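In my numbering, the protein residues as written are 216 to 455.
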């Protein structure tokens, strides 16, 4: 039998407990039978009780493992299924903990509204150190695009210009645009950064309201600006 004795089958478990779970089960069976033969090691009754206890102990372990598949921090066999259900595509850079963290973050959104705190906490969890915050457009600086290709500054609603029968026109305004600010740590490669940043569209697509447009922008490690000594400074990077 694998392990350190009949009460310690593989995988090994070490600790200061006076009894293992398996031994506690067998002792409970012996006490229920009320016979001294059941507690004497080596007797036929003890061996029978040990076999029964082993079945119960293994069954408990199997159900415990099955229960863990509903816990993102412990899921193993069900992890790919959770990813498929939640629309998560794992990256080749993801380890087991990264995948579990993304599943847990997505499940945490159930029943929550699209508030700043919810969005900020979610992006912090899935993006880690590259996430710098959300950038909003001031309504006074926003541009509203009118039907026909024109644009007017500010204002989410406006009249269409018809002097006879003026109506409020449909619009598209940058006041409903959210920029997700990112920065690459020195310890991260460009490939790893873009692999992580590229998943924002999948992760955040159902996070914002239908009226919100979003994208990500990149800062240098020293903040906003134009840095000639940084690679890819014209690719997604904002300027002063």
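Glycine is no exception: its CB is placed at the ideal position from the N, C-alpha and C atoms. Note that the coordinates shown come from a computational prediction; the quantities given were computed from them, not determined experimentally.
Given residue i as reference, the closest of the options once Cα atoms are compared
i	options	result
residue 346	414, 248, 273	414
residue 397	418, 426, 378, 430	430
residue 353	392, 340, 326	392
residue 240	273, 342, 322, 323	273
residue 342	263, 410, 247, 428	410
residue 405	333, 293, 379, 308	308
residue 266	245, 277, 278, 279	245
residue 418	310, 306, 407	306
residue 422	325, 408, 379	325
residue 299	271, 322, 278, 277	322
residue 424	402, 330, 355	330
Delimiting residues of the alpha helix (DSSP H) encompassing residue i
i	result
residue 418	415-419
residue 408	405-412
residue 430	Segment 428-434 is the beta strand (DSSP E) holding residue 430; no alpha helix (DSSP H) there.
residue 300	294-301
residue 240	236-248
residue 286	Careful: residue 286 lies outside any alpha helix (DSSP H) and carries neither H nor E.
Exposure label - residue i; buried when at least 16 CB within 10 Å
i	result
residue 215	For residue 215 there is no data in the structure shown, the boundaries of the chain being 216 and 455.
residue 296	exposed
residue 255	exposed
residue 243	exposed
residue 412	buried
residue 359	buried
residue 262	exposed
residue 338	buried
residue 175	Limits of the chain in this structure are 216 at one end and 455 at the other, which puts residue 175 out of reach.
residue 310	exposed
residue 434	buried
Contact set for residue i: own chain, Cβ-Cβ below 7 Å, skip 5 residues either direction
i	result
residue 319	287, 288
residue 426	391
residue 247	none
residue 378	none
residue 428	391, 392
residue 292	284
residue 335	349
residue 407	308
Own chain partners of residue i with C-beta closer than 6 Å, once the 5 adjacent residues on each side are dropped
i	result
residue 269	none
residue 400	344
residue 348	396
residue 333	327
Continuous beta strand (DSSP E) stretch holding residue i: start and end
i	result
residue 516	Nothing can be reported for residue 516: it is not among the residues displayed for the chain, which extend from 216 to 455.
Own chain residues within Cβ distance below 8 Å of residue i, not counting five before or after
i	result
residue 290	283, 284, 297, 315, 318
residue 264	241, 244, 245, 248, 253
residue 275	236
residue 271	240
Original post:
At which residue ranges does the segment 308-369 contain complete alpha helix (DSSP H) runs of 4 or more residues, listed in the order of the chain?
Top reply: 311-322, 331-342
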